[in-house]
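Enquirer:
There are 2 protein chains.
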Amino acid sequence: MKLNGTSIIGGARALAGERKFRAFNPVADRALEPDYFSATPEDVERAARLAAAAFENYAHVSVQRRRDFLHDLAARLEQAGPAIVERANWETALPVPRLQSELGRTCFQLRLYADLAAEGAWLDARIDHADPQRQPVPKPDVRSMLRPLGPVAVFGASNFPLAYSVAGGDTASALAAGNPVIVKAHPAHPGTSELVGLTVQQAVKHAGLPEGVFSLLFDGGTEIGTALVSHPLVKAVGFTGSRRGGRALMDLAAARPEPIPVYAEMGSVNPVFILPEAMEQRGGEIAAGLHASVTLGVGQFCTNPGLVFTLSGAATDRFLLRLAALIAHTAPGPMLTPGICRNYGLGVARLAQTGGVSALARGETGPTGCSGGAALFRATAHSFAADNSLMEEVFGPATVAIECGSREELLAAARSLEGQLTASVHGTEADLAAHRELLAILETKAGRLVFNGFPTGVEVCPAMVHGGPYPATSDGRSTSVGGRALARFARPVAYQNFPDAALPDELKESNPLGLWRLVDGRLAQPATTAG
Amino acid sequence: MKLNGTSIIGGARALAGERKFRAFNPVADRALEPDYFSATPEDVERAARLAAAAFENYAHVSVQRRRDFLHDLAARLEQAGPAIVERANWETALPVPRLQSELGRTCFQLRLYADLAAEGAWLDARIDHADPQRQPVPKPDVRSMLRPLGPVAVFGASNFPLAYSVAGGDTASALAAGNPVIVKAHPAHPGTSELVGLTVQQAVKHAGLPEGVFSLLFDGGTEIGTALVSHPLVKAVGFTGSRRGGRALMDLAAARPEPIPVYAEMGSVNPVFILPEAMEQRGGEIAAGLHASVTLGVGQFCTNPGLVFTLSGAATDRFLLRLAALIAHTAPGPMLTPGICRNYGLGVARLAQTGGVSALARGETGPTGCSGGAALFRATAHSFAADNSLMEEVFGPATVAIECGSREELLAAARSLEGQLTASVHGTEADLAAHRELLAILETKAGRLVFNGFPTGVEVCPAMVHGGPYPATSDGRSTSVGGRALARFARPVAYQNFPDAALPDELKESNPLGLWRLVDGRLAQPATTAG
């Protein structure tokens, strides 16, 4: 597939517009060909109209066809894998093995969500039978299930050029749930986006689906994203990125004549709590694990642990010495973009200048302008309580150890936390028994609690929650990873007293699709899949 | 129970403030004693702090205790029923039998949601077991379930002084899901609110729950509601009322430093479509049913049918004549408040003056200023397409028949509709087969589709959807009635690699609560309730 730099609008390509930009290779420190042409408002209009037109059909294609489409897309991505990974490596500086595994995850997600959609439990199909004899009024027959929302705008993420970008988790779950998708490509990896976008375009065509099921728009600025989120035919938004960017989209969506849901995953500082007995018994091991988690992928994960809470003592001193030594000997790594690297440098400088914060260790610095060196800081719980800025995410391989003088200081610090994607606790059974209150607090702060582990690495499985209260996400009632991701892009619809023939197959009395359904308030197992 | 007119804050009463108001008896045309004292910002602060303090406990009480609390509350409301119904009758002019049945529904809802909460399927408990041998990295043990959000602000509705007010559906579902509730009473029925509020206060005390689980604030204006929705400790909002009021709360919640979900049910015009063969065969019967639905409760339902779409022809002419005769002979009824009656009068006058709209019939007018007389208007699909104002709800016993010249005009009208709570279709099997596209369109417009019936009357059952795309509600992904109502006030939380003893009972390996759970992607039936 040859790159031509223009947006993909349904089955066609947009014209080359006036505004253009290029990808940048952070390792070679130079821009990459070809030119990418920012889409125009007319392109947004065309993509939105095509998506709305496609919705009437796509929302009603059989679950089997939708499943086949997404499986075929995964197979095509695997086939195009080497070219995609090569280009992504140039554009993001992420290592090839990491990109290969990310491509694998991307395809796994597409297949998982396709299978979940076809299996159909996520539809929450419900049937309450009529009772014509009921007094004082007859009881109607009421059946309901989730139906797709309509065209979804998805914003690609800089740090997951595959798994949270053009055919990533948001796209996969929105498509699996029956919604057309319009992707706004992240400008840091337009070539990767184009290669993946062309693959999706081919899969749509191969499946015989309406072309408007998928479009991909490029933009070096914010104009096209704004136009997309403001467009009356767009019914939901998926975004992974900065808090500033996410909040801007939330505000835009909330101010529309018809407000729409925004699922923005905006990162967090992912606090790690190390309880005293665990610190005493395994401090060195925890330091090694934490160091690996902080520096993984040059710290460029939304689950990167940016705050570590400890209780003062000799074991904690030893732990910090060990962690400092590991950080100091960390080789620098190229970051995703010059902008991310610049912001990381500013964030580290801000921490270094914050009152009550001392620098414990700095990792090695690198040869190019895009290198991010690891950093470890230390502050007291008192300083943490006094300065909210310590709660702000520094995107990169930096972490701040907060030393608490007492259990009460530790609890107060936990209570003061904003919403988080994750919170981790290291402890023995005795630690846990003595800190039940800490767990109860963290449960109100985070989408995922990790025990004796680290937050990086988000397992894609039915039970996973990758979400959390604001500002970790725009909507703590949802998750962008796991089985519940599909339901974000759907709403319940009830059918009252419908003749069987006019009902969707999912709700027909004979259960032709063999779904789990809630019948008269009881979960009923489909006969065809019993056992 | 004696009325004293002050807000209920946890286990205590607020002081009598400076601002005060009184209830009004629309039939007797006079204000009712006692004075009601508007709460103060300090009262909001106290109620919010008590609620937040209660949350840590209430979110973790056993499901059995929460269930017992809500069942006890229902029993207490039944016991206090005669006094509550008498006061509600004075304050709202709703007939005693209607209020008795509404009290029954209120208690039914409390028990249903309590039982659903205890049964626990709504928690969506999921378990994915670990696989330590998996390559390249071990698979963690991940378990997740829904957890409550925190203090919920509930706004009482004018037209359901019991079932959608102090202990109504929003309060019942929020409490059942584990959230403390702060109710802002509707100023049109403060005495009813106080009686119900005192009953809730007693039930909280009897159950030994923290007092902050429930508070009730009075206000004759909007200041207290604004303060509640703006309060950082309030985590969600339930509202039933006007579009203007609902949108104001949505905007307020979206602009908070920490935006929170708002579930506002803002009414709709509930279009009814009558297809040609049904019109031919049952036009008279449909006219009688429609008339009953339009005039039920003096038209004061959010499911009142305000638009009727027909195809031109002799059968439609006969139908309209019959409907006009029924409307003309409709006795007037007292409306809930002078304000609602005034707005109804203005709405009817606006319709009468709208270009292309002709008045077909006016019901009898009443003796007092609070009487609402029925009204029937007629317009062409052309006029409907030309004037958006015909889509605006007129709250009261009025409806507009839109005559379409062709199937295409009917579809175009359906396509132009805003989001609705309901859409109804009258048709024969042949009609349905010929109008599949109409159903597909309506499915994208409404939360509930009714076949050969009328939208008034919302069955409280697991499958019910009382919701719909904006502007029918603030959040079309939810329903304020039915089994899914609980999940509105909850969010998923995952527990990774937790020792069994530290897990919530719902997620422990032995399934001590006997819940349905999704285990390794498969629904697993609890052993204790098998069969």
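Residue numbers (this note's numbering), protein chains in the order written: chain A, 934 to 1464; chain B, 934 to 1464. By construction, the Cβ of each residue, glycine as well, lies at the ideal position given by its N, Cα and C atoms. Since the structure is predicted, the reported quantities are computational estimates derived from the model, not experimental observations.
(1) Which term fits P1028(B), buried or exposed, when burial requires 16 or more other beta carbons within 10 angstroms of its beta carbon?
(2) I want to know whether the region 1356 to 1375 of chain B touches the region 1426 to 1436 of chain A - three or more CB-CB distances under 8 angstroms.
(3) In this structure, how does DSSP classify S1291(A) when only helix, strand and coil are distinguished?
(4) Which residues of chain B have a Cβ atom closer than 7 angstroms to the Cβ of D1061(A), listed in chain order?
(5) Using DSSP with H/G/I as helix, E/B as strand and the rest coil, what is Q895(A)?
(6) Of the choices F1088(B), T1270(B) and G1053(B), whose alpha-carbon is the least far from that of L1419(B)?
(7) Check whether the region 1121 to 1133 of chain B touches the region 991 to 1003 of chain B, counting contact only when three or more Cβ pairs, one atom from each stretch, lie closer than 8 angstroms.
(8) Excluding the five sequence neighbours on either side, which residues of its own chain have a C-beta within less than 7 angstroms of the C-beta of E1213(A), listed in chain order?
(9) Quick check on V1383(B) - is its C-beta less than 8 angstroms from some C-beta in chain A?
(10) Taking just the CA atoms, how far does R1369(A) sit from G1305(B)?
(11) Could you confirm whether any beta carbon from chain B is found closer than 8 angstroms to the beta carbon of Y1428(A)?
(12) According to DSSP, L1198(A) sits in a beta bridge with which residue or residues?
(13) So which of A1427(B), R1417(B), G1386(B) and T1412(B) has the shortest CA-CA distance to M895(A)?
(14) Starting from L1450(B), follow its DSSP beta bridges and name the residues at the other end.
(15) Work out the CA separation of S1316(A) and G1288(A) for me, nearest whole Å.
(16) Could you give the residue range of the alpha helix (DSSP H) that holds M1078(B)?
(17) Within a Cβ cutoff of 6 angstroms, which residues of the same chain sit near R1189(A), ignoring the five residues on either side of it in sequence?
(18) Quick one: what does DSSP say G1380(A) is sitting in, helix, strand or coil?
(19) Since E1210(B) sits in a beta bridge, which residues does DSSP pair it with?
(20) Taking Q1353(B) as the reference, which of A1347(B), A1379(B), E1341(B) and A1096(B) has the closest Cα?
(21) Mind listing the chain B neighbours of W1449(A)? Cutoff is C-beta to C-beta under 7 angstroms, in chain order.
(22) Using the three-state DSSP reduction, which class does L1244(A) fall into: helix, strand or coil?
(23) Just verifying my parser: in three-state terms, what is the DSSP assignment at E1336(A)?
(24) Would you list, in chain order, the members of the region 1108 to 1141 of chain A that have their beta-carbon closer than 7 angstroms to a beta-carbon of chain B?
(25) Give, in chain order, every residue of the region 1312 to 1330 of chain A whose Cβ lies closer than 7 angstroms to some Cβ of chain B.
(26) I need the straight-line Cα distance from E951(A) to I942(A), nearest angstrom please.
(27) Which runs of the beta strand (DSSP E) at least 3 residues long sit entirely within the region 1146 to 1172 of chain B? Give them in chain order.
(28) Do G1280(A) and V1241(A) have their beta-carbon atoms positioned less than 8 angstroms apart in this structure?
(29) Have a look at Q1458(B) and T1039(A) and give me their C-alpha separation to the nearest angstrom.
(30) In this structure, how does DSSP classify H1062(A) when only helix, strand and coil are distinguished?
(31) Of all the CB atoms in chain B, is at least one closer than 8 angstroms to the CB of M1212(A)?
(32) Just list the residues that DSSP pairs F1317(B) with in beta bridges.
(33) Measuring CA to CA, which of C1235(B), A945(B) and A1063(B) is closest to Q1134(B)?
(34) Which residue marks the beginning of the beta strand (DSSP E) containing K967(B), and which one marks its end?
(35) Cα separation between W1023(B) and A1107(B)?
(36) Kindly give me the distance between the Cβ atoms of G1124(B) and L936(B), rounded to whole angstroms, as I take these residues to be in contact under 8 angstroms.
Expert: With the structure as the only source:
(1) exposed
(2) yes
(3) strand
(4) C1394, P1395 and A1396
(5) The requested residue 895(A) is not part of the displayed model; chain A covers only 934 to 1464.
(6) G1053(B)
(7) no
(8) A1248
(9) yes
(10) 59 angstroms
(11) yes
(12) The sequence given here places Glu at residue 1198(A); Leu does not occur at that position. For E1198(A), which the question treats as bridged, DSSP gives the partners T1173(A) and T1406(A).
(13) No answer is possible for residue 895(A): the residues shown for chain A start at 934 and end at 1464.
(14) What sits at residue 1450(B) in the sequence shown is Arg, not Leu. R1450(B) pairs with A1457(B).
(15) 7 angstroms
(16) Per DSSP, M1078(B) belongs to no alpha helix (DSSP H); it is in the beta strand (DSSP E), V1075 to P1081.
(17) none
(18) strand
(19) DSSP output for E1210(B) lists no bridge partner at all.
(20) A1379(B)
(21) L1456
(22) strand
(23) strand
(24) none
(25) none
(26) 17 angstroms
(27) 1147 to 1150
(28) no
(29) 32 angstroms
(30) coil
(31) no
(32) The partner list for F1317(B) (beta bridge, DSSP) is empty, contrary to what the question assumes.
(33) A945(B)
(34) One detail in the question is off: residue 967(B) reads as Pro in this sequence, not Lys. Its beta strand (DSSP E) spans residues R963 to F970.
(35) 29 angstroms
(36) 5 angstroms
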